[in-house]
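In numbering that gives the first Met the number 0, the protein residues as written are 0 to 212.
Input: a single structure, listed below in structure tokens.
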Amino acid sequence: MAHKLWVQVGDRGATNYDRRSLTTEGGAVNVGIIDLWMFLLYRRFSESMEEPQETAMATWVFRNGTSRQFATATSTLSTVLQPLNNGAGHFVGAIRHQGQLFYVDSLNLPMNDAVRRSLNELFGPNRMYIRLGVQRQGADGNLCGLHVLAHMTELMLSESTPSQVAATNFDEGMMREHVFRCLRDHEARRFPKLDIDSRLVLPEHFPNSVEVV
């Protein structure tokens, strides 16, 4: 049964089912939310950014059992922001910015075969990635996709470098409501940040590292 549309932007949309996944505290956020946000971001920066592909591409198979593949990123001058589903319910992000490749994972897990295959399809084999020392996601769980969106959005809407973006302390308690309001308004805005002056303990950040895939 088809789900009714909640938000439509051009020929893209998110359903009421997607909306419930976003507004249910602790619930897994559907790829429909991730993809629509990325479309909003692309629509704003289409002159300098390649259009993101479907986040769940690596999890789809054809009827003959072969996996669908990401199209190879084209111009090396353009920015690429590509959320990825690792096939096990976890979202990570691949970024190409000013010719360098970066990787975002709010759990800092080892790359599995699905992620490695996706990165090879996007950028070719034997490429060096800077694994950014991003904020570890908290106890709410299932915020990995929103962390990816937060970092990619901050990179495009601020004048910060990828490393400066990675050092940002995002307010996890506001993430779901923020995405809800932005999608409703058809506008991707920067994610709220923590008031660090009022906190005794800051969120943990992973160390930066380098990985060849």
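Each residue gets a CB set at the ideal place from its N, CA and C atoms; glycine is no exception.
Extent of the continuous beta strand (DSSP E) run through Glu210:
What you label residue 210 is simply residue 211 of the sequence shown in a count that begins at 1. Annotation for Glu210: the continuous beta strand (DSSP E) segment containing it runs 208-211.
Local Cβ density within 10 Å of Asn107, reported as buried at 16 or more and exposed below that
Walking along the sequence shown from the start, residue 107 turns up at place 108. Asn107 should be labelled buried.
So is Leu76 buried or exposed if we call it buried at 16+ other beta carbons inside 10 Å?
Counting from 1 along the sequence shown, the entry for residue 76 is found at position 77. By the neighbour-count criterion, in which a residue is buried when 16 or more other Cβ atoms sit within 10 angstroms of its Cβ, Leu76 is exposed.
At what residue ranges does the stretch 99-176 contain a whole run of the beta strand (DSSP E), taking only runs of 3 or more?
As far as the stretch 99-176 is concerned, its whole beta strand (DSSP E) runs of at least 3 residues are 99-103, 127-130.
From this set, Pro51, Val114, Ser159, Asn29, which residue's C-alpha is nearest Val212's C-alpha?
Sequence index remark: in the sequence shown, residue 212 carries index 213 (1-based). When each option's Cα is compared against that of Val212, the closest is Val114.
Please name the residue, chosen from Val91, Asn85, Phe122, that lies closest to Arg100 on a Cα-to-Cα basis.
On the sequence shown, position 101 is the one that residue 100 refers to. With the sequence shown as reference, residue 100 is identified as Leu, and Arg is not the correct amino acid for it. Selection Val91, Asn85, Phe122 evaluated against Leu100 yields Phe122 as nearest (Cα-Cα).
Taking the alpha carbon of Ile32 as the reference point, which residue from Val200, Phe205, Glu158, Arg175 has its own alpha carbon closest?
As a working mapping, residue 32 is identified with position 33 in the sequence shown. The residue with the shortest Cα to Cα distance from Ile32 is Arg175.
Less than 7 Å between the beta carbons of Ser105 and Gln136, yes or no?
Here residue 105 corresponds to residue number 106 of the sequence shown, with the count starting at 1. Here residue 136 corresponds to residue number 137 of the sequence shown, with the count starting at 1. Contact: yes.
State the DSSP-derived secondary structure class of Phe179, mapped to helix, strand or coil.
The count along the sequence shown starts at 1 and reaches residue 179 at position 180. Three-state result, Phe179: helix.
The beta strand (DSSP E) spanning Leu39 covers which residue range?
As a working note, residue 39 is residue 40 in the sequence shown. Note, Leu39: premise wrong, no beta strand (DSSP E); alpha helix (DSSP H) at 30-43.
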